[in-house]
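> Could you have a look at this structure, given as structure tokens, before my questions?
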Amino acid sequence: MTLTVNGKSMQVPAGTTLHQLIADLAGAGRGTAAAVDGVVAPRSRWAELELHTGQHVEILTATQGG
Amino acid sequence: MADDVLVIAGEELASRLIMGTGGAPSLAVMAAAIEASGTAMCTVSMRRVDTATPGSVLDMLAGCGVRVLPNTAGCRTAHEAVLTAQLAREALETDWIKLEVVADDYTLLPDPVELLDAAERLVADGFTVLPYTNDDPVLARRLQQTGCAAVMPLGAPIGTGLGIRNSHNIELIVAEAEVPVILDAGIGTASDAALAMELGCDAVLLASAVTRSQDPALMAAAMAAGVTAGRLAARAGRIPRRHHARGSSPTHGTAVF
Numbered sequence: 000m001t002l003t004v005n006g007k008s009m010q011v012p013a014g015t016t017l018h019q020l021i022a023d024l025a026g027a028g029r030g031t032a033a034a035v036d037g038v039v040a041p042r043s044r045w046a047e048l049e050l051h052t053g054q055h056v057e058i059l060t061a062t063q064g065g
Numbered sequence: 000m001a002d003d004v005l006v007i008a009g010e011e012l013a014s015r016l017i018m019g020t021g022g023a024p025s026l027a028v029m030a031a032a033i034e035a036s037g038t039a040m041c042t043v044s045m046r047r048v049d050t051a052t053p054g055s056v057l058d059m060l061a062g063c064g065v066r067v068l069p070n071t072a073g074c075r076t077a078h079e080a081v082l083t084a085q086l087a088r089e090a091l092e093t094d095w096i097k098l099e100v101v102a103d104d105y106t107l108l109p110d111p112v113e114l115l116d117a118a119e120r121l122v123a124d125g126f127t128v129l130p131y132t133n134d135d136p137v138l139a140r141r142l143q144q145t146g147c148a149a150v151m152p153l154g155a156p157i158g159t160g161l162g163i164r165n166s167h168n169i170e171l172i173v174a175e176a177e178v179p180v181i182l183d184a185g186i187g188t189a190s191d192a193a194l195a196m197e198l199g200c201d202a203v204l205l206a207s208a209v210t211r212s213q214d215p216a217l218m219a220a221a222m223a224a225g226v227t228a229g230r231l232a233a234r235a236g237r238i239p240r241r242h243h244a245r246g247s248s249p250t251h252g253t254a255v256f
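First to last, the protein sequences are chains U and Y.
Per numbering that gives the first Met the number 0, the very first residue in the first sequence carries number 0; after that it's consecutive.
Per numbering that gives the first Met the number 0, the very first residue in the second sequence carries number 0; after that it's consecutive.
Below is the structure:
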């Protein structure tokens, strides 16, 4: 299925959870947060949250900034 | 000095200088500047994960032993700022947020309508909100009324180094503030930081003035000294300005030749 992850189109297997996606991209370490279709997805729900084709996922972390 | 501690939302901070981490050429340079500043809290921004970015700002800040204050830099609307704050809370496990909602790219001035809207929503959602605001006493008052834990008026637009353009307004904000006033943005050099404190601000937040200086660690030390000097002067109470000279040597007993 196709997702838009941080603005880029991406192919992932059907049934991929948010936890799996983040682990692949960012290591799921401390300091990461995600929103799916503009709604914050709490970390406690990542493992059970299955993604669906066409969804927009934003994965953010802290960076240097004023 | 030891009893003159900055308190925000009931929590003590060991320094009245808050540092932004943007603009430094490397994490190592930033760490050295943080160390030299003696700061107890640093801001970070929330951005898309980029695996190509070397090192972690969070690891660096943890190593420095400072508190992390996420910001909503880059947000243009209350909606974006609220979402960014909620993501920061998830990512960093803090409900403190430096709220920034700017109107455009060339002034980076806060959009007061969106700012106030975002502040209300975030306070209602349980955040400890530290809003970056214009040097407008009325807007500062309104932000306090929403329940913000501090107000952070600008001295001048972000990154300009123009100092404090309207010191009278900063004094007006300080005069009626019931929460800490943190001068945020516009600082160019140490005397600007000292002036902010002399005007009665409780703290100074700066980034570019240190990170884009020729020697960030040295400038960080200068800023720390400026903040301390200004704070001491404010507490000591300056002499009134006079139109004409007034000697300090006694006139009585002056010799007549």
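Cβ coordinates follow ideal geometry from the N, Cα and C atoms, glycine included.
Because the structure is a prediction, the values reported are computed rather than measured.
LEU57 of chain Y CB to nearest chain U CB: under 7 Å?
Translated into positions along the second sequence, residue 57 of chain Y becomes position 58. Yes, LEU57 of chain Y lies at the interface with chain U (some Cβ there is under 7 Å from its Cβ).
> Contact criterion: CB-CB distance below 7 Å. Does GLN19 of chain U meet it with respect to chain Y?
Within the first sequence, residue 19 of chain U is the residue found at index 20, counting from 1. GLN19 of chain U does not count as touching chain Y.
> Pull up the distance between the alpha-carbon of ALA193 of chain Y and that of ILE163 of chain Y, whole angstroms please.
Counted from its first residue, the second sequence places residue 193 of chain Y at position 194. Counted from its first residue, the second sequence places residue 163 of chain Y at position 164. Each residue's Cα considered, the two are about 11 Å apart.
> Is it buried or exposed for ILE157 of chain Y, if we count other Cβ within 10 angstroms and need 16 for buried?
Position 158 of the second sequence holds residue 157 of chain Y. The residue is buried, with at least 16 neighbouring Cβ atoms inside 10 Å.
> Reducing DSSP to helix, strand and coil, say where SER166 of chain Y ends up.
For the purposes of this step, residue 166 of chain Y is identified with residue 167 of the second sequence, where counting begins at 1. Reduced to three states, the DSSP call for SER166 of chain Y is helix.
> Let me see if you follow: with CB-CB separation under 7 Å, is ARG75 of chain Y close to chain U or not?
Taking the first residue of the second sequence as position 1, residue 75 of chain Y is located at position 76. Judged by the 7 Å Cβ criterion, ARG75 of chain Y is not in contact with chain U.
> For ARG88 of chain Y, does the count of other Cβ atoms within 10 angstroms reach 16, so buried, or fall short, so exposed?
For the purposes of this step, residue 88 of chain Y is taken as the residue at position 89 of the second sequence. ARG88 of chain Y should be labelled buried.
> If you compare alpha carbons, which of Y:THR76, Y:CYS74, Y:THR42 and Y:ALA123 is closest to LEU60 of chain Y?
Here the question's residue 60 of chain Y lines up with position 61 in the second sequence. The option with the nearest alpha carbon to LEU60 of chain Y is Y:THR42.
> Looking at LEU198 of chain Y: is its Cβ nearer than 7 Å to the Cβ of SER166 of chain Y?
On the second sequence, residue 198 of chain Y is found 199 positions in, with the first residue counted as 1. On the second sequence, residue 166 of chain Y is found 167 positions in, with the first residue counted as 1. In contact: LEU198 of chain Y and SER166 of chain Y (Cβ atoms closer than 7 Å).
> Just to confirm before moving on: does the CB-CB distance between ALA22 of chain U and LEU57 of chain Y stay below 7 Å?
As a working note, residue 22 of chain U is residue 23 in the first sequence. As a working note, residue 57 of chain Y is residue 58 in the second sequence. No, the pair does not count as a contact, with Cβ atoms beyond the cut-off.
> Give the straight-line distance between the Cα atoms of ARG234 of chain Y and MET196 of chain Y, rounded to the nearest whole angstrom.
Translated into the one-based positions of the second sequence, residue 234 of chain Y becomes position 235. Translated into the one-based positions of the second sequence, residue 196 of chain Y becomes position 197. Those two C-alpha atoms are separated by around 10 Å.
> Between the Cα of LEU217 of chain Y and those of Y:ILE169, Y:SER248, Y:ILE17 and Y:ALA31, spot the shortest distance and give me the residue it belongs to.
One-based indexing of the second sequence puts residue 217 of chain Y at position 218. Taking only the C-alpha atoms, the option nearest LEU217 of chain Y is Y:ALA31.
> Who pairs with GLN67 of chain U in a beta bridge, going by DSSP?
Residue 67 of chain U lies beyond the stretch modelled for chain U, which goes from 0 to 65, so this question has no answer here.
> Can you find a C-beta in chain Y that's less than 7 Å from the C-beta of GLN63 of chain U?
Here residue 63 of chain U refers to the residue found at position 64 when the first sequence is read from its first residue. Yes - at least one Cβ of chain Y is within 7 Å of the one on GLN63 of chain U.
> Between THR16 of chain U and LEU59 of chain U, is the Cβ-Cβ spacing less than 7 Å?
Position 17 of the first sequence, counted from the start, is the residue given in the question as residue 16 of chain U. Position 60 of the first sequence, counted from the start, is the residue given in the question as residue 59 of chain U. It is not a contact, given that the beta carbons lie outside the stated cut-off.
> Note down, in chain order, every chain Y residue with its Cβ under 9 Å from the Cβ of VAL39 of chain U.
On the first sequence, position 40 is the one that residue 39 of chain U refers to. Per Cβ cutoff of 9 Å: LEU82, GLN85, LEU86, ARG88 and GLU89.
> Do ARG241 of chain Y and the ligand FAD come close, with the Cβ less than 6 Å from some heavy atom?
Annotation note on the ligand FAD: not contained in the displayed structure, which lists no ligands.
> So if DSSP puts ALA202 of chain Y in a beta bridge, which residue, or which two residues, is it bridged to?
Within the second sequence, numbered from 1, the residue matching residue 202 of chain Y stands at position 203. Bridge partners of ALA202 of chain Y: Y:ILE181.
> Spatial neighbours of VAL65 of chain Y within its chain, please: C-beta separation below 7 Å, excluding the five flanking residues on both sides.
On the second sequence, residue 65 of chain Y is found 66 positions in, with the first residue counted as 1. Same-chain partners within the cutoff: ILE33, THR38, ALA39, MET40 and CYS41.
> Please classify PHE256 of chain Y: is it buried, with 16 or more other beta-carbons within 10 angstroms of its beta-carbon, or exposed?
Translated into the one-based positions of the second sequence, residue 256 of chain Y becomes position 257. Per the 10 Å Cβ criterion, exposed.
> Residues in the same chain with beta-carbon distance under 6 Å from ILE7 of chain Y, minus the five sequence neighbours each way, listed in chain order, please.
The sequence position of residue 7 of chain Y within the second sequence is 8, counting from 1. Cβ within range, chain order: ALA148, ALA149 and PRO179.
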